Amino acid sequence: MTLKFYNTLTGHTDEFVSQVSGKVSLYTCGPTVYDSPHVGNWASYIYWDTLVRLLMVNEYEVKRVMNITDVGHLTSDADEGEDKLEKGARREHKTAWEVAKQYTDEFMEGMNELNLIIPQYITKATDYIPDQLNLIKILKDKGFTYQIDDGIYFETSKFPSYADFAHLDLENLKAGARVEYNPEKHSHSDFALWKFTAIGAKRDMEWETPRYLLDNDSEIKMGFPGWAVECSAMALTILGSTIDIHTGGIDHIPVHHTNEIAQSESVTGQKFCNYWLHNDHIKVNGTKISKSIGNGYKLSDLKSKGFTPIDFRMFVLQGNYRNESNFTFEGLQSAKNRLNNWRNISAIRHQINDTTESEEEINHNETTVSLYATPRAIIEALDEDIGTPEALRIIDEAFSRITRTSLNKINKKALIQLLELIDYTLGLKLIENSPDITDDAKRIIIERNAARSQQNWQKADELRDQLLKLGVLLRDTEKDSIWEYLDK
RNA sequence: GGCGCGUUGACGGAACGGUUACGUAGAGGUCUGCAAAACCUUUUAAAUGGGUUCGACUCCCAUACGUGCCUCCA
359 MTLKFYNTLT GHTDEFVSQV SGKVSLYTCG PTVYDSPHVG NWASYIYWDT LVRLLMVNEY
419 EVKRVMNITD VGHLTSDADE GEDKLEKGAR REHKTAWEVA KQYTDEFMEG MNELNLIIPQ
479 YITKATDYIP DQLNLIKILK DKGFTYQIDD GIYFETSKFP SYADFAHLDL ENLKAGARVE
539 YNPEKHSHSD FALWKFTAIG AKRDMEWETP RYLLDNDSEI KMGFPGWAVE CSAMALTILG
599 STIDIHTGGI DHIPVHHTNE IAQSESVTGQ KFCNYWLHND HIKVNGTKIS KSIGNGYKLS
659 DLKSKGFTPI DFRMFVLQGN YRNESNFTFE GLQSAKNRLN NWRNISAIRH QINDTTESEE
719 EINHNETTVS LYATPRAIIE ALDEDIGTPE ALRIIDEAFS RITRTSLNKI NKKALIQLLE
779 LIDYTLGLKL IENSPDITDD AKRIIIERNA ARSQQNWQKA DELRDQLLKL GVLLRDTEKD
839 SIWEYLDK
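Counting from 359, one number per residue, gives the positions in the first sequence under the numbering used here.
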């Protein structure tokens with residue numbers, strides 16, 4: 359089996375080779391916890407969760423860090439730039455610490471609802487301040503930094519390959535800039551490693567700037583870390599100098615990840631990351647998600663319209679992570695219907711007996727053969743740059759074969775194995791969400807079958823109506839009566 | 001202003017230089033105690049105009065529209 363990913367670093371699809379055989383270090387840029395995540399944010403985490411599951415099914419041991427940015431992520435509303443957390447705190451009349459806690463909790467709850475595997479390391483930026491200061495110190499000692507009135511900056515001209523990763527045109531960036539920059543900056547692309555608290559201001563989150571970071575003639579000031587330095591510090595501290603895979607949104611390429619590479623490689627002198635994977639955004643109703651339009655739907659909005667987070671997960675998996683996609687409630691409904699069909703197929707496992715097919719019978723039963731082969735085909739589809747649409751197509755093909763097969767010809771063990779693999783790789787909770795029906799309902803089905811064989815249609819229909827009240831829908835095929843869930 | 005990306009049938013969404021993607025929804029039909037399902041069919045789907053080619057949805061150029069980054073962003 360060969361895993362392949364489109365690598366932003368090289369610009370083409372590369373075969374994946376980890377540094378240490380059987381092990382992968384993975385860094386995912388996590389949320390800035392100043393507001394509730396919207397469907398676009400979640401789509402990104404669903405993609406990367408699928409990546410983790412894919413690595414696991416390929417028998418990699420995954421060491422994964424996801425950061426929680428709870429300080430230092432600036433808005434650009436004013437010349438000064440404002441910390442998102444501090445701004446959120448003022449909006450909600452809370453402290454920045456309270457805001458961070460509230461939205462971190464909400465994020466974790468959402469991860470759970472979407473069935474996202476929790477990374478071993480969920481790191482808060484504020485817990486890694488010493489590591490960040492140490493990183494800045496190394497940069498200072500190596501001569502990559504300079505201090506101006508509002509902070510300590512990284513001198514990008516000293517990192518010659520700065521523009522390479524994002525293919526930046528630094529001259530024209532400067533020409534087209536729409537925002538006033540601190541004129542003390544040596545270059546437009548220089549970025550803050552450490553920002554000083556504005557004179558006369560008091561922040562909820564601030565730390566004393568160590569003497570060793572400051573120019574000799576400078577007074578001690580309070581300050582806080584720049585955004586990019588948080589990620590570098592946590593990645594290097596936990597995962598080491600070179601990580602295997604780094605993921606994030608496509609928007610991170612030109613600034614955030616470019617800065618991460620510059621400062622990390624300046625510190626270590628080694629390549630920061632071998633594979634960079636970026637997801638494209640989803641639009642909503644054909645336009646970008648934006649606060650002012652109010653189209654940044656949250657999980658709670660989906661739920662209030664009768665959709666589960668797993669429905670949304672299905673919706674996301676229908677597209678490829680590298681393509682821009684479009685979210686509509688009509689599309690979500692379509693995904694929900696598809697998922698419900700899958701749940702009904704999953705429920706067939708309750709309606710068939712353990713098979714005692716011999717090897718020979720298995721090899722001659724077309725349905726069984728293809729059922730046993732499908733997990734392999736799904737993995738191979740996913741191996742091709744997380745090819746979820748193709749994987750879904752293969753599942754539909756397999757399920758449609760099951761639908762056309764009479765119950766006594768379906769191999770229970772093979773079906774369960776397939777369902778388990780789908781749940782493992784795609785996280786759709788098919789097994790959990792396709793429980794068996796009650797004994798009462800089963801008894802009614804038996805009675806109805808008896809009535810039918812006596813051609814007592816009236817009684818049979820009454821019993822079928824009784825089942826509907828229990829949430830069980832019966833459909834009669836040539837040989838069997840198969841039950842499905844009513845809640846479509 | 002600079003640098004990119006996209007435009008596939010009602011909707012979502014793939015692959016591929018020549019063969020039905022697939023899903024969801026609608027319509028018609030077959031089958032059937034009834035219902036449901038299943039199965040079959042659903043007209044030239046490829047933004048527009050050129051070009052390359054024996055042949056293009058698939059490659060090249062232009063136009064239109066959409067969208068992204070350059071400023072915080074998944």
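From the three backbone atoms N, C-alpha and C, an ideal C-beta is built for every residue, glycine too. Nothing here was measured: the structure is a model prediction, and the numbers come from that model.
Beta-carbon proximity check, residue i vs residue j, cutoff 8 Å
i	j	result
residue 590	residue 545	no
residue 582	residue 564	yes
residue 442	residue 508	no
residue 850	residue 490	In the structure as shown, the chain begins at 359 and stops at 846. Residue 850 is therefore absent and cannot be evaluated.
residue 362	residue 371	yes
residue 733	residue 775	yes
residue 794	residue 722	no
residue 671	residue 399	no
residue 657	residue 471	yes
residue 684	residue 629	no
residue 475	residue 411	yes
residue 542	residue 586	no
Residue i versus residue j - alpha carbon distance
i	j	result
residue 535	residue 603	Note that residue 535 scores a pLDDT of 49, beneath 50, so its modelled location is shaky; the value from the coordinates is reported in the next line. Spanning the two alpha carbons is a distance of roughly 31 Å.
residue 391	residue 482	10 Å
residue 383	residue 750	27 Å
residue 556	residue 394	28 Å
residue 387	residue 829	43 Å
residue 381	residue 669	32 Å
residue 425	residue 706	41 Å
residue 632	residue 601	7 Å
residue 737	residue 415	8 Å
residue 620	residue 547	11 Å
residue 729	residue 615	43 Å
residue 682	residue 741	20 Å
residue 503	residue 464	37 Å
residue 841	residue 462	42 Å
residue 762	residue 802	25 Å
residue 561	residue 700	52 Å
residue 832	residue 693	23 Å
residue 844	residue 427	43 Å
residue 765	residue 748	27 Å
residue 365	residue 404	19 Å
residue 593	residue 423	7 Å
residue 447	residue 457	6 Å
residue 799	residue 777	24 Å
residue 605	residue 406	7 Å
residue 468	residue 796	31 Å
residue 402	residue 717	44 Å
residue 378	residue 420	11 Å
residue 505	residue 389	29 Å
residue 438	residue 696	Per-residue confidence for residue 438 stands at a pLDDT of 47, beneath the threshold of 50, marking its modelled position as unreliable; the derived number appears in the next sentence. Roughly 49 Å between the two C-alpha positions.
residue 820	residue 826	10 Å
residue 813	residue 785	44 Å
residue 643	residue 488	44 Å
residue 374	residue 360	8 Å
residue 480	residue 595	13 Å
residue 663	residue 577	56 Å
residue 518	residue 579	31 Å
Presumed contact (8 Å Cβ cut-off) between residue i and residue j, rounded CB distance
i	j	result
residue 752	residue 735	5 Å
residue 744	residue 409	6 Å
residue 494	residue 572	Contact doesn't hold; Cβ gap of about 11 Å is too wide.
residue 713	residue 770	5 Å
residue 760	residue 725	7 Å
residue 607	residue 637	6 Å
residue 397	residue 484	Actually they are not in contact, since the Cβ atoms of residue 397 and residue 484 sit about 27 Å apart, beyond 8 Å.
residue 624	residue 500	7 Å
residue 710	residue 780	So it is not a contact: roughly 18 Å between Cβ atoms.
residue 757	residue 720	Not a contact, Cβ separation roughly 19 Å.
Whole runs of the beta strand (DSSP E) within the stretch 619-658, excluding any shorter than 3 residues: 631-637 and 640-642
Any chance you could list the beta strand (DSSP E) runs of at least 3 consecutive residues sitting entirely within the stretch 566-623, in chain order? 580-583 and 601-607
Are the stretch 787-807 and the stretch 673-684 touching, with three or more C-beta to C-beta distances below 8 Å? Taking 8 Å as the limit for Cβ pairs, the verdict is that the stretch 673-684 does not touch the stretch 787-807.
Could you give the uninterrupted runs of the alpha helix (DSSP H) lying entirely in the stretch 711-784, keeping only those of 4 residues or more? 717-722, 724-741, 746-761 and 770-784
Counting pairs of Cβ atoms below 8 Å between the stretch 603-613 and the stretch 511-527, do you hit three or more? yes
Entirely within the stretch 372-426 and at least 4 residues each: give me those alpha helix (DSSP H) ranges in chain order. 397-415
Which runs of the beta strand (DSSP E) at least 3 residues long sit entirely within the stretch 677-716? Give them in chain order. 683-685
Within the stretch 439-474, ranges of the alpha helix (DSSP H) (whole runs, at least 4 residues): Whole alpha helix (DSSP H) segments, 4+ residues: 442-450 and 454-471.
In the stretch 815-845, which residue ranges form an unbroken alpha helix (DSSP H) of at least 4 residues, counting only runs that do not cross its ends? 815-827
Return the chain-ordered ranges of every alpha helix (DSSP H) run that is complete within the stretch 487-538 and spans a minimum of 4 residues. Assignment of alpha helix (DSSP H) within the stretch 487-538, counting only whole runs of 4 or more residues, yields 487-499 and 528-534 in chain order.
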